[in-house]
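Numbered continuously in our numbering, the sequence shown closes out at residue 221.
Ideal placement from N, C-alpha and C gives every residue a C-beta, glycine not left out.
Below is one structure, written out as structure tokens; the observations come after it.
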Amino acid sequence: MPEEQPRPIGRPRDPDINERLMSAALEEYAQTGWSGFTMQRVAQRAGVGKSALYRRWADREQLLVASIESVALPLATTPDSGSLRGDLIDAATRILHHFLDPMGWATLRITVDSAVDLTTLDPFQERIIGALNSGVTQIFTRAAGRGEISSDLPVRPLVESLFGSLLIHVLSMPAHERDDARRDSTTQVEPLVDVIMRAAARHPSP
């Protein structure tokens with residue numbers, strides 16, 4: 016008869032602890048902003064001791080940047096659909112879902128707080144905003160390589176138009192329409208994408 020293995024002492028490890036802690040951090044920041052954001056409050060929200068946070072992140076700055084990266088940086092991934100419109104619809108759909116999610120509001124709040132110097136998160140602009148801009152810029156770079164748009168097209172206004180139009184679209188959306196927007200994202204983003212497509216097409220080839 017095989018010998019029984021001794022049971023580990025204490026509570027079993029939670030394989031999802033990192034994700035749970037980062038979700039708690041984003042929820043806390045979305046509600047309190049930088050001034051009320053503390054390791055203690057995040058720990059309380061997550062139902063853990065502060066030591067669980069400090070074993071992973073040295074301070075609240077590192078915790079918050081890691082948490083924002085976990086939900087924002089996947090948006091910088093831009094699979095190649097083979098066409099500019101397809102790429103933009105894919106990117107716009109993912110950005111729309113991000114803004115419709117409560118976690119998306121945390122990233123929005125930290126973006127505003129960083130812009131008006133309410134936080135001390137120096138890496139945020141470079142590591143997160145820069146990555147998001149770079150990801151969408153890559154869509155236009157690929158399109159230029161395929162000959163769909165001019166290679167000297169000013170891209171930054173188009174990138175800002177994509178993010179800005181999606182944000183305003185969500186801000187102006189009544190609460191009762193948000194579930195429909197999640198279910199039928201393509202219908203929501205196509206008119207915005209087509210405006211950007213028309214703007215890109217008006218730029219003459221060199």
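Between the alpha carbons of V63 and A73 lies a gap of roughly 16 Å.
If you look at H113, you'll find it in the alpha helix (DSSP H) that goes L99 to L115. Counting of Cβ neighbours within 10 angstroms places V174 among the buried residues, the total reaching 16 or more. Of the candidates Q46, H112, V131 and D102, the residue whose Cα lies closest to the Cα of D209 is D102. D209: member of the alpha helix (DSSP H) spanning S200 to A216, first to last residue.
If you draw a 10 Å sphere on the C-beta of L68, you find 16 or more other C-beta atoms in it, and that means buried. Using a Cβ-Cβ distance cut-off of 8 Å, the region 150-159 and the region 92-100 are in contact, since at least three pairs of beta carbons, one from each stretch, lie closer than that value.
One alpha carbon belongs to S200, the other to D194, and they sit about 10 Å apart.
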